[in-house]
Each structure stands twice: as structure tokens, then as C-alpha cells.
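Add 3 to a position in the sequence shown, counting from 1, and you land on the number used in the numbering used here.
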Amino acid sequence: MNIAEDKMASTESNSPSAPGEKQSVSPSQHTDLTESTSSENFQADTLRKFSYSELAEATNSFSNSVCLGGGTFGIVYRGCLPIGDFAVKKLYYTGDGQHIEEFENRINVIGMARHRHLVSLIGYCCEEYDRLLVLEFVPNRSLRFHLRDAERRSKLKWSKRMKIAIGSAKGLKYLHEYCEPKIIHGGIKSDNILLDRNFEPKVADFGLAILLEGYDAARIYVDSNISDLEKISELDIYSFGVTLLELITGRKIYEDEYIVKWARPLMIKGDSINVDYDGLVDSTLKGQYDQSEVERIIYCIAASIYTPSSKLRPKMGQILEALEGLIPHQQLWAVEEHKEITEVSNQLWSKATPSQGTGPKIMQIQEMPAESNYSALEPAAMLSETSLEATAQSAIPPSRLMKIYHILNKIVSRIKNSNVSTIGVYGGEGIGKTTLSEALKIQPAIRDMFHFVIWVSVPKVWNLREVQLQIGRQLPLSGKKRINKYTLMSFLESVKFILILDGVNGFISLNIVGIPEPTPENGSKIVLTARSAEVCDRMSADLKINLEDLFRELFCENVGEIVYSFKLQPLAPKVVDLCCNHSHAIFLMSKALKDESDVRVWKNAVDMLSRQPASPEQEIENIMVNILKFSYDRLPDDTTRRCLKNCALFFEKQEIARESLIDNWISDDLMDMYQKGQKVIETLVTAGLLESSEDGQVFKLHEIDSSLLLEHVFPSRLFLRRKGSTLTELLMDENWENSDEIYLMDNELTELSEKLSSQAQALFLQRNLKLRKISDTFFQDMLALQILNLSVTSIKFLPDSLFGLVNLKRLSLNRCVLLKLLPSRVGDLSCLEVLHLEGTAIVALPREVEHLKNLTSLKVSFREPVIFDHPKKMIPDGVIKKLSKLKKLRIDVSPEDGRWKASVVSIVLEVCTLTTLDTLQFYFPNVKLLSQINWDTTPTSPPLSHFKFIVGDHTNRIICRLPHDVDVELGRYDKCLKYVNGEGAPEEIKKVLRHTSAFFLDRNMSVEKLSEFEISNMMQLKCCVAGECDKLQTIIEGDQMVTSASGEVELGLESLEYLYIYYAKSLRSICEGRLDNSSFKKLKYLTLHMCPELTIIFMPELLVNLSSLEELIVDDCSEVKSLVHCKDNEHEIKHILPALKKISFHFLPELDSISDVVSIAPRIEWMDFYYCPNLKSLPISKAIHTKLRQIKGEESWWQSLEWQNNEQDSNWEDIFTPVDEWD
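Now the structure itself:
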């Protein structure tokens, strides 16, 4: 009896609490809900019968404001009576109002089921056509609610998950084995396991099918002497196994593929349980789990789901004993005794197709009279779990989906218009109307809007009965009821539905079919597809949509205003027409031609699209290939093209986060700067080749694009052994001989001896961690090789044959930590342009490097030698200046290596002769060396576009107080200056600052104000970190601002976006004195850590400027009393911190006020508090802070808060998360 179903995500996250949080109600005679070992321990009294008017009053007339959600059997509301809170389930009842006595008899039987792990039935209402259940209120929502969000899932520690597994099994065992008569649930899933405040599980929705399905459903609830009971109970075992699988993996039921199919290879090898724990167990647990307990659950899952015959499945009592460790869990897996059956099962698995479902489903159909919610697994039932593309692909092939993919959201937005009830979509044959209607049916946004989504394929020859049956099969109507106009009308009038009619070719009387008229008042909708606008008119459509117009609209809005240029008028419509009404083709072409004014380019596009395919069947593929070639050729540089290829090779069907994508490109030596990665992503998204999530942090390359790019567009013939294939040795493969590029990275190769293709131009072997040896002859015949990547391998020596690769242009050996020597023969690689040696054990470069006259990029890190017999110089004199084509130079040294200090002056002078250099990473042991770089004159010194400088007498510390994420943030900027152990603000530092985007002031001895480095020198500064600067008192002193020659005041830190201050003993304010209007105007992230003199964070004069601040973290500042003080500036409090989304206050013992006004931070989403004992109130209001999603803090602190302005803790209870011992 599910009283908190989570079917609609919006309902889950935003449903308000009922007024006055009270203790959940269960009947007084059943307060002792201890676990029973016999049904006789539970003596159930007669349930209370409520009147409809009582329940209507208790739920505010079943108001949406107290609606908890809707599900298969009804809609759930939270109610309040003087005795406490409870849940009311308003059942979808389609009967004729008779058989009240029969209903009451059944409800009383179900009400006898009493157990601490079952949701208690308190009473019911049975009046005419109304059937309602009154249930115990369980406040902490469903297991599915906690699993499907990564942040909530991370709080489900292993101990809680084990408690949930065991408690649920106890409840189900009671239903199966101790109830008289016995009850089979028939619908076990994570929605139906509810959690109380202590995360104790309670099984809901048991027995409801009996109440609504009539006698035909009685086999779900049968007496103990019915012979089919054991067979039917196997449904619950299977479904419980799937639920346990969700619990330990955190994975959605459908995430690219059905969870049961996905998990099998991670659990079972052959006939044995062989678990890949890293691949299977939820990553948010971060390895913090008891492996023996996980193993128990895995055996229970395997026995429940993967046994080749349902006869081998254990009883619920056996599962419970195995979970509790009372019996050896290994004995549940009995497959070894039935090997012959298992082999048949494996054949079924291997032959299963996406349309057939999974192995267990096939076997269920063969062996069982009915299936549970999970074993049936209709794709539409899982849609609220998945993204559009993932779900649509389960029912619609990707090639069809992409035809309408980019106009789908346009249709959805029109459906959301509350003033439109009937929408007619029309267009000619083959334009994609049916595909569009099928995609709408399974769109999560649509299913979240309506209780029921009904899709009907209208017969070409009208058949009323067929249409009514199609509709009836998609509704939970009684099996005894004849499907006709009256049963459909009666049911649909009480729910919010959308009816999608595909292929309407004439007028249809909806009233005759049994469809209520959709109106803005009832919220229901009708969407129909037809070939003409006339049919839409006859169906009285409020809105008509011409798909051809929609395709043209898609093109125009993406190509830009240039499309309206007179000279392009004849060409633009032709481009759209040649894309054959294919939304993805139109989308890519519009992106490729965006803002392009050159008529020749448009004519080339028309010519390219006009090329005829080999056959009519290949028309769309031919168009897509030509468009992708066109887009690929228009990318701005080879780096962007290589990054696109990298995505196609390794991230097919995968979504990947921004940072991971850029890290991968850097790791694969495609680039060396985070900012470059940002620009590449922006370019690929603008070109439509990468799809971005709404927040711009996750990206995906469409599967169709990926396959066509690899097969037809990229110029090289490729051989790919995909990541994770765990190749341990090279096996001769005929494909190698014909391959221009060979990709063997991320495998487990240990030795290279077999020769590969003599035609190969690129060989990628990076991240073969076990690779230690390469035979001397391995590269002997690979004279065409131009690119070789051996990074992150365990090689100790480079083979002689490598230095015979006369055409080699790129050699990457990064993080080969065992490589100690770069042989002198490296000078033979005369064509070499890129040599990367970062993270090796090399102590010096050989002089022969000077022969690499074509070298444009050199990256090297030197290890400090531990022996006495070592080269005196890391880089021989004169080598650097002979590499006259160098554009990128990165030298990483140990600050304690005396050899660097002895030779750095001469190396600096040589670097300054490199006129083409644009990227430099360098350590300057003293400030004076910076004077050699003259930023104002070329070609005497390099015009650097990227640099990372560490300046100062820097020594490694045992403890680094700079958090890793801050170090990563500094690394994102293309011009970074770190000034270490310095005094004051030297002129040399000021000069570099003028060109710097990220500045790290580390352990400065005397600076009292950051503005001592002069505001005019920090105009380009976007990121600033200051740590362990004991004298630092403020960031900016307004009185130090200067006036330019034109008489204007120089703006203070106008570009700054990120400010992190830590261990600042003397800091007392962010700013002092007057400020111009642009200072800190772009600041988004501010962190203050360990600033013991700080008392008020923001003074009134600073508040006006902080219009962009999104995140504020204040930690361990012992004297801070207030965030904002505005009493004396009431005229300026209209927009206090308008962009702030997140605040985190930890260890602020004196903090007693956040703000004097409630209107602070209207966009706040997250508030996190820990050890702020004097903070007694929060300036939040339901009316203003509508986006607030989480408040986190200690339970005792939360209970002690004082609420004003009619606010109360119960209003925010649903978003408060208590801090536990693990946080």
C-alpha cells in the first residue's frame, strides 16, 4: 500500500508538507508492532470506517498541496486529524458502486497483516463509487526516492542499506509464510519500500490488486491450500532480487540497458558467482562497505534472478536467513546441480534482443502464469527513471529517433501550454509523424505531467472497438469490466491524461469512443497526427503544427540572423529541403553554417547535399555522412578534430563530465591546457557535434554521429581494441596490416614483441600499466610511424629500433616512472616535433636533443639524483637556444635540486632567445630572474599566451595546506603566477601580474593588503588564492585606488571570479574604504578558512557589488558574528546577494546572525551548517526562497531554531538533512 509513491519527480522534490508535523498514526490496539514468528501474535481488531467527508476535510478537499504522488492503484494524499497525520490513498475504482460488502470483507483480511516492516492499514472509506484507504504515514519517502539522486544516495551508508534489505525481507516473509490467509505482494519494487526517520523499511501496496481487479486477480492472494501459491510467490522473489540489485548498485532499472542484463556479467562467470565489486557496487559508497555482507546480498540476488529455472529460487525465509548470516549464503546458488539447465539458460541470454527483453523475462513467460512489475518490464513503465535518448532507444531505433530528436522539445513545450487542450500535428508521408508520437509517449517530461499517457494507432479503416481496446489495455480497468464508452468515460473523467492519436485521417467523435473533452480545467490533453491541416480543423484542434514549418524554424533559430540576408534567400530553403525533413541533419547543417555570410560556402553546402547516394535506401545515411564531413572540415584546427575523434573512439553511448573529458584529452596528449579544453568543448557544442546538459557540465556524442564519423569521415583506417577489453598479449590480427592508426591503450599488455602494421602512422599504447618490455626489433618495419604514445607504462628502457623511426613526429613518454635514461640516439629523430617526458625518472637531457631542429613542444620533468655519479647539469648549455622552433616549453624540477639553481640563469637567457615561444612553465628560484623576461618588447623576449610560473625560494613541505580542489582550480587558467615565501610586492611580480589570470600568494611575510600589488596590475585577474600570509589584513583598500590618465578611477579586481583565503591570522575584512561600482562585480566563489580576526564578512559598502556571488564558504573563523549587517543601510537591501545559490558555514561558534533582512539570497538552493551553536534563526521564507532544496546541520541545532514571520520548522522539514557521524 504505497503511501509515498515517487512517480513524478516534481512531486517528490517540491510537495509541501501538511501543516503541523505530528506523530504518524497507527491503531492504538496495535502499538506493539514487534516482529512476529507467527501470525497468531497479531490480533487485528476491526478497521475504522471513515466517511468521505471526514477524509476530504482532513486533506483540504484532496488538494494538490498535500498530494504525495500517484501510482498504479491510486493517488496518495497526506491528511491531518486531531489524532495525528496519516496517508489517504484514493483508489482508481471503476466499479458500479455495488459489492460494498465484498470490498469490506477483503479490506478487513488485508488489514489483519500487522508487522513493524509493513505499512499499517488504519481504516477505509467505501461510499458509492469512492474507495479510499487510510494508512500509516511514513515520512522519509521511498527507497527509490533516495536511490535515484546521487547526493541522496551518497547518504545511504552501507549500514542503512543492509538494514533496509533485512527489514524488507522480514516484512515479505511475514506476508508469505505467517499471514493466514497468505498474501503474495505482486508488485515489489523500490517505490513500495518506504522508509521512516530511522531508515527502517516498511513494505507498502501489498494486497491492493485484490481490491481493484476482481476475482480474476484472486490468485495473487490465495489460501495456503491452493496448489499454485508456491508458483505465484516466485514473482515476489524475482522482484525482490531486482530491488536488492538497485539497492547495492544505486543504478536505475533502465540505464542504457535493463539492470538485470547489465549486472549479470559482473556477478556470474559460467556457472559460478564471480563478482566484480568495483564495477557492481554503488560508487557513491566509495568502498565503505562490508564485503561479506555485500556477498550475502549478491548470492540472494543471483538465486532470485539468474537461476535458470524458477523452481530453483529460494523462499523468502531462506533469503532472510542468508541476509542475516544464519545460513551459508552459498547454498542458495544451486546451479551447479542443474548444469544442463543452466546451459540452456545461457543460450537464451545470448539470443535475447532488446525487443525481447532479458533472459529472466523470457523464462518467466515460459514458466509463470503472471509476471511482477520488474519481470514484465514494459519500457514505458520505467520512463521517469531515464533520459529521453536512453528511454526512446529502448523502443525506437536511434536512426528513427534522430529524425525528430531536435523538434521533440518544441512539441513538449506546446503541450505544457495550459491554454491549449488539443494539438494537431500534420505533415506529408515520411515526415516523421509516427516516430514523433511514439517518442512523445515515452518522454519523461510528458509522463511527469499526466497520470496516464495513452497512445493509439488509429486504424486506416475506422474501427471503434479496436480503438477502445487499445485505450483500455493501457488503463488499470477491472478485468471483469467490459471495455466500452461508459467504462472509459467513467475512469478518464477522474484522472489527468494525455491521449496521443497517431494517423487520424478523418473526424473522430471522442464522446462515442469514451474520451472526456480535454479542458484547461481538467488538465487533460489530446495530441493527434494527420496528413493535413483540414483533419486537424475537423478535430477542433486548438493549435495546429506544420512539421515542415517546425523544421524550418529549427534551422533558422540555429543558423542565426544571417539566414534573412537577401543574398542567401534562394540558398537557405534549398539547404533545408535537401536535408529531407531529418531534424538532426537540419540541426548539424544550421550549426555548421551559423553566421556564415560567404555565398560560396552556402553553395558548397548545397552541392554537397545534392550528391546522389548509391541507392535510395542509403539516402539519409549519405546525407548524414556528407553533413558530418562538412562540419568536420569546418572545425577551426587539428586539435579540435583530434578531440572529436577521441570522443568518437572512447565515449560512444556515454555521458562524460566536463572535467573528465578535458582530463582525458590532456592525458592522451591532445592538449596541455585546461582553458584550451574549455574552448574545444565550446567549439564542438557550437558545431552541434557534442550535446550539452542543461547546466553545461555533461556532454555526449550521439551514437549515430559516432559510428558515421569513425566509418566514413575520419581520414584514417583505424584498428581499435576498446578500453576495458583487457588485452594481455598481442595476437596477430589481419586488421592491423591494413590500419593507419592502432589504438591499444587501457589494456594489460606486458610485453611487445610481435610486429604490427608496416603502414601504421599512429600507435597508441598509453595506460598499459603492466607494459615493461619492448623488443629491440619491435619498431623495425614501422617506418611510416609518425605518432607514438607510451605514456603511463612501466617501461624501463627504450628499444634501439624506436630511434630508426625517421618519420616520427610525436613521442609521448609521460609518467613512465621507471624510465631513467633518454638515450643519446634521440637526436636521430630529426622529424620529431613533440617530445613529452613529464613524470619520468630522467635526471638530465642528453646533448643530442639539440639536433631536434623541428621540435615545437618539449615537456620534461627532472628527478633529483640520488647517486653521486650523475650529470652536473639537467640541460646542457646551448641546447635550448638551438631549438629555435619551440612553441611550448615546460620544465618541472625539484625546488631542492641544487643543479637547477646553479644553471637557471643561463637557461633563462636561452629561453628569452626563442622568438616563437608562446607557452612556458618555469620555476624561478628568485624574483630578480623575472626581469630577464621583457613583456613589452619582442622579439627579445617571448610574447607568451600561456604560462605557469613559480617564483621564490620554494622548498617542498611535508604538509601542504592547499586543498586539492583549489590546486585544480589554479591549474585551469592559462596564465598562472605563484609567488612563494616572498616579502612585499616586488616590481617584477607586478609586471607579470598585468598578464596574469590566476595568482597564488603563498606565505608572504609582509603584505598587509592585496592591493599593495596595485589594482592596475590585476585587471585581468580571474582567480586569486592567498594562504598563510600572516600580515594580510584586507584584500582591497579603496583609498589605494588610482586614477588613470583620462581621469577615471581604476577598477578594483573587476574580472575576479574566484577568491580563496586561508590561514590568514590578521584578516579583518574583504575591503576597507570606498569601492567603485565594478569591484568584485564578477566574483562567483568566495571561501574564507581559518581567519580568526574576522567578525563580519560583508560590510554594507561591499554588498552592492556582489551581484554575481554564487557560492560562499566560511570555515573555522572563530570570531565571525554575522554574514551581513544592513540595519544602517535599509535603502540598499533590495538585492542582497541576488545570485547566491550555496552557503556553507562550519565551526563558527560566535555566529549569531546571517542577515537582518529576509530578502537575502532569493535564489539560494543549499545551506550547510555545522557547529554554529549561537545561530538561532535563518532568514528564509517560503514566499521568497522557492528554490531552496536542502538545509543541512545537526538535529539538535535544527530543533533549537526560532522561527519568525509565520515560518516554522515543519515548513522546511522535508528538505532538512541531519548531519550524522559519517558526515
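We treat Cβ as the ideally placed atom computed from N, Cα and C, and that holds for glycine.
Assign residue i to buried or exposed, taking buried as 16 or more other Cβ atoms, counted over all protein chains shown, within 10 Å of its Cβ.
i: leucine 912; result: exposed
i: threonine 780; result: exposed
i: serine 64; result: exposed
i: leucine 472; result: exposed
i: proline 576; result: exposed
i: tryptophan 465; result: exposed
i: leucine 821; result: exposed
i: glutamate 154; result: exposed
i: proline 523; result: exposed
i: isoleucine 515; result: exposed
Does residue i come out as helix, strand or coil in the three-state DSSP assignment?
i: tryptophan 1206; result: coil
i: cysteine 1074; result: strand
i: arginine 645; result: helix
i: glycine 217; result: Annotation note: pLDDT 38 at glycine 217 (below 50); position unreliable, coordinate value reported separately. Reduced to three states, the DSSP call for glycine 217 is coil.
i: lysine 891; result: strand
i: serine 1047; result: Residue placement at serine 1047 is poorly supported in this model, since its pLDDT is 47, which falls under 50; the coordinates are not used for a value here.
i: alanine 90; result: strand
i: phenylalanine 65; result: coil
i: lysine 204; result: Contrary to the premise, residue 204 reads as proline rather than lysine in this sequence. Strand, per DSSP.
i: glutamine 369; result: In this predicted model, glutamine 369 has a pLDDT of only 26, less than 50, meaning its place in the structure is not dependable enough to derive any value.
i: isoleucine 445; result: coil
i: threonine 1220; result: strand
i: arginine 850; result: helix
i: glutamine 46; result: Note on glutamine 46: pLDDT 34, under 50, position unreliable in the model; the coordinate value appears next. If DSSP states are grouped into helix, strand and coil, glutamine 46 belongs with coil.
i: tryptophan 1215; result: helix
i: isoleucine 276; result: strand
i: isoleucine 6; result: With a pLDDT of 39 at isoleucine 6, under the threshold of 50, the predicted position of this residue should be treated as unreliable, and no value is reported.
i: serine 1184; result: coil
i: serine 695; result: strand
i: arginine 770; result: coil
Give me the residue from the options with the minimum Cα distance to residue i.
i: valine 1233; options: Phe1002, Asp968, Gly974; result: Residue 1233 is absent from the model: the chain starts at 4 and stops at 1226.
i: leucine 329; options: Trp336, Arg299, Ala306; result: Arg299
i: threonine 689; options: Glu662, Asn667, Lys597; result: Lys597
i: arginine 1084; options: Arg1077, Leu1056, Ile790; result: The residue you asked about is not arginine; residue 1084 is lysine in the sequence shown. Per the Cα distances, Leu1056.
i: aspartate 762; options: Ser797, Trp265, Leu808, Phe717; result: A small correction: the amino acid at residue 762 is glutamine; aspartate does not occupy that position in the sequence shown. If we check each option's Cα against that of glutamine 762, Leu808 comes out closest.
i: methionine 676; options: Ile1073, Glu899, Leu121, Glu972; result: Glu972
i: lysine 166; options: Tyr177, Leu150, Asn201, Glu183; result: Asn201
i: valine 1010; options: Thr999, Arg997, His998, Ala1029; result: Ala1029
i: serine 275; options: Ser286, Ala305, Asp285, Lys289; result: Ala305
i: valine 530; options: Asp545, Glu524, Pro447; result: Asp545
i: methionine 319; options: Ala90, Gly174, Phe653; result: Gly174
i: valine 995; options: His957, Ile953, Pro400; result: Ile953
i: glutamate 107; options: Lys93, Gly126, Val91; result: Gly126
i: lysine 163; options: Lys679, Val122, Ile251, Val112; result: Ile251
Less than 8 Å between the CB atoms is what I'm expecting for residue i and residue j, so what's the real figure, rounded?
i: glutamate 532; j: serine 634; result: Before going on, a small fix: residue 532 reads as threonine here, not glutamate. Wrong, their Cβ atoms sit about 31 Å apart, outside the cutoff.
i: histidine 839; j: lysine 862; result: 5 Å
i: isoleucine 191; j: phenylalanine 243; result: 5 Å
i: asparagine 817; j: glycine 842; result: 5 Å
i: aspartate 785; j: leucine 747; result: In the sequence on display, residue 785 carries methionine and not aspartate. That pair is no contact at about 14 Å.
i: leucine 1097; j: valine 1127; result: Rounded, the Cβ-Cβ distance is 14 Å, inconsistent with contact.
i: aspartate 285; j: arginine 156; result: 7 Å
Quick check: is any heavy atom of the ligand GDP less than 7 Å from the C-beta of residue i?
i: tyrosine 429; result: Ligands in the displayed structure: none, and consequently the ligand GDP is not present.
Exercise for the section: Indicate whether the contact test is met: 3 or more Cβ pairs, each with one atom in the stretch 656-671 and one in the stretch 550-559, closer than 8 Å. Expected result: no
Practice task
Would you be able to state if there are at least three C-beta pairs under 8 Å between the stretch 288-306 and the stretch 137-145?
Solution key: no
Problem - Contact the stretch 1101-1117 vs the stretch 983-1000: 3+ CB pairs below 8 Å - result: no
Handout entry: Meets three-Cβ-pair contact criterion under 8 Å: the stretch 564-582 and the stretch 595-611
Key = yes
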